[in-house]
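Going by my numbering, the sequence shown opens with residue 317, and the numbers climb by one from there.
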Amino acid sequence: GKALQGFTAHDLGKNFAKAFEWTVQGKDGKPLHPWQNSWGLSTRSIGGLIMGHGNDDGLTLPPEIAPIQVIIIPIPGSPKAAEFANKIAKLLSGVRFQVDSREGETAGFKFNKWELKGVPVRIEVGEKEAAENMVTLVRRDTSEKNQVSTDGLVTKIKFLLKAIQGNLFEKHKQFTLDNTHEVSSYDEFKEIMAGKRGFISAFWCENPECEKKIKEE
Numbered sequence: 317g318k319a320l321q322g323f324t325a326h327d328l329g330k331n332f333a334k335a336f337e338w339t340v341q342g343k344d345g346k347p348l349h350p351w352q353n354s355w356g357l358s359t360r361s362i363g364g365l366i367m368g369h370g371n372d373d374g375l376t377l378p379p380e381i382a383p384i385q386v387i388i389i390p391i392p393g394s395p396k397a398a399e400f401a402n403k404i405a406k407l408l409s410g411v412r413f414q415v416d417s418r419e420g421e422t423a424g425f426k427f428n429k430w431e432l433k434g435v436p437v438r439i440e441v442g443e444k445e446a447a448e449n450m451v452t453l454v455r456r457d458t459s460e461k462n463q464v465s466t467d468g469l470v471t472k473i474k475f476l477l478k479a480i481q482g483n484l485f486e487k488h489k490q491f492t493l494d495n496t497h498e499v500s501s502y503d504e505f506k507e508i509m510a511g512k513r514g515f516i517s518a519f520w521c522e523n524p525e526c527e528k529k530i531k532e533e
């Protein structure tokens with residue numbers, strides 16, 4: 317029921333230019349303190365990403381900005397699975413991927429670790445998959461799990477990444493719409509603020525005293 321202030325826009329005047337004794341050359345060739353604007357997009361955008369898409373299992377990164385779009389995890393202790401995972405990796409042209417073949421960690425630990433990091437797609441590879449030329453795909457956004465053939469795998473992966481990107485956008489868009497309320501009275505306004513909260517679209521008389529009263533209450 318709360319919002320994150322995103323792109324802040326401020327007219328900074330000449331305050332910082334004067335404080336740092338920073339000048340530029342004017343049209344007349346003389347130095348002058350320039351006016352400045354501030355358009356803030358910083359680490360708060362990462363906060364918005366975490367709040368908007370994350371859940372109790374950790375991050376959920378949209379595929380278009382995920383550093384690693386696909387994590388390939390061969391079942392530890394199986395040379396056949398590791399060999400097959402490397403074979404799979406060679407098929408993923410145009411996809412940002414990584415193979416986690418580290419020993420000393422269980423498969424379950426690795427699954428949880430990469431869920432926490434928000435990687436959009438997990439490929440699980442075991443000896444059964446290697447024998448049948450199949451892989452198990454797991455979506456981070458829905459936890460949906462499917463077994464697919466390695467034939468045309470990169471096309472299937474790219475389609476899945478696009479589907480995840482669209483689903484995350486539509487899901488949060490609907491969340492925003494569901495939590496945006498239009499009210500026609502101050503009593504309705506207060507009732508929503510005391511309960512579920514969210515965005516409220518309301519008429520305002522443009523009287524500063526009314527605004528002050530709302531802030532106080």
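C-beta: ideal position from N, C-alpha, C; glycine also. Since the structure is predicted, the reported quantities are computational estimates derived from the model, not experimental observations.
Taken through DSSP and simplified to helix, strand or coil, Val454 comes out as strand. Ile508 sits in a helix when the DSSP states are folded into three classes. Around the Cβ of Glu445, a 10 Å sphere holds 16 or more other Cβ atoms; the residue is buried. Cβ atoms of Pro383 and Gln481 stay farther apart than 8 Å, at about 15 Å. The residue from Trp338, Ile366 and Thr359 with its alpha-carbon nearest to that of Gly374 is Ile366.
Shown here for Glu419: same chain residues with a beta carbon closer than 7 Å to its own, the five before and five after excluded, namely Pro392 in chain order.
The alpha-carbon separation between Leu453 and Ile389 amounts to approximately 11 Å.
Distance from the CA atom of Gly342 to the CA atom of Thr359, rounded to whole angstroms, is 34 Å. 8 Å or more divides the Cβ of Val415 from the Cβ of Val470. By the neighbour-count criterion, in which 16 or more other beta carbons inside 10 Å mark a residue as buried, Lys346 falls on the exposed side. Taking Thr492 as reference, the option from Glu504, Val464 and Ile516 with the minimal CA-CA separation is Ile516.
Comparing alpha carbon positions, the residue from Glu498, Glu443 and Ala479 closest to Gly514 is Glu498. Taking the C-beta atoms as reference points, Gly322 is found no nearer than 8 Å to Gly368.
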